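Notes to accompany the following structure.
See below:
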């Protein structure tokens with residue numbers, strides 16, 4: 109295994125260990141001036157296992173890849189491609205999350 113592909117091999121091993129369909133895991137690697145971009149494709153049934161609750165698993169995978177990249181003097185980024193047949197409802201174009209309103213305790217007590 110070439111030293112330059114350690115990140116790709118690590119991601120493949122890690123994701124195959126997490127999912128129910130390890131044969132469907134593919135990792136593409138592209139190198140440019142911004143660093144290394146790893147594109148992950150998994151079975152649609154395994155997306156929830158890769159993303160995790162509120163993206164916790166995906167965040168942890170990205171953190172581990174950052175560490176692998178530091179050891180190899182490279183900036184490693186991860187893109188998780190959404191498979192066809194996904195049940196996720198995409199956000200409309202240009203929409204953003206709406207922040208929660210902060211509630212003043214005094215006015216909330218006054219409303220009671």
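Numbering (my numbering), first residue to last: 109 to 220.
Here a beta-carbon is modelled for each residue, glycine too, at the ideal position from N, C-alpha and C.
Keep in mind that this is a model prediction, so the values were computed, not measured.
- In the three-state scheme derived from DSSP, where H, G and I count as helix and E and B as strand, residue 160 is classed as coil.
- Nearest to residue 155 by C-alpha distance, out of 130, 182, 181, is 130.
- Within its own chain, the residues whose Cβ lies closer than 8 Å to the Cβ of residue 115, once the five positions on either side in sequence are excluded, are 137, 144, 146, 173, 176, 177, 180, 182, 184, listed in chain order.
- The shortest C-alpha to C-alpha distance from residue 158 to any of 134, 123, 187 is the one to 123.
- Taking the C-beta atoms as reference points, residue 148 is found nearer than 7 Å to residue 135.
- With a threshold of 16 other beta carbon atoms within 10 Å, residue 118 meets it and is buried.
- Per DSSP, residue 150 lies in no alpha helix (DSSP H) and is assigned neither H nor E.
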